[in-house]
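For the sequence shown, the positions run 56 to 167 when this note's numbering is used. Here the structure comes first, spelled out in structure tokens, and everything after it is commentary.
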Amino acid sequence: MREASAERETLERLRGDEAELERVVQSARDEAASLVEAARREAERIASEARRDVEREVDRVRAASADEIDRALASAQSAAVAETAALRARAERNRERALARAIAAALGQAGG
């Protein structure tokens, strides 16, 4: 009878140990799931922050590019205005001479 009692005690102890082990395993699983969820949320936060940083940088580069394009356009327009003025002044200086040559050429052909 002692043997049966000892076996029952051992069996009960083993069942208790098994139940405790199941609780420990479930607790570890719950903790692991919590850690995974926290890591996922942190990764999402980091990705969201990185997207915002990239969007800000893109906006900054676009603004800088637009400013640079505006400056280049203004510079090109100024150069075109200056070149036009220089060509107009040159044409004015050469107009009389060109007219005299044209008249001389026309008279020379008519007289020839």
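Quick reminder that beta carbons are idealized off the backbone N, C-alpha and C, glycines included. Just so you know, these numbers come straight off a predicted model, no measurement behind them.
Residue i to residue j span [Cα, whole Å]
i: ILE101; j: GLU86; result: 22 angstroms
i: MET56; j: ALA94; result: 56 angstroms
i: ALA61; j: ALA98; result: 54 angstroms
i: GLU151; j: GLN132; result: 30 angstroms
i: ALA141; j: GLN164; result: 33 angstroms
i: VAL109; j: ALA121; result: 18 angstroms
i: SER82; j: ALA118; result: 54 angstroms
i: ILE158; j: ALA129; result: 42 angstroms
Which runs of the alpha helix (DSSP H) at least 4 residues long sit entirely within the segment 69-126? Give them in chain order.
none
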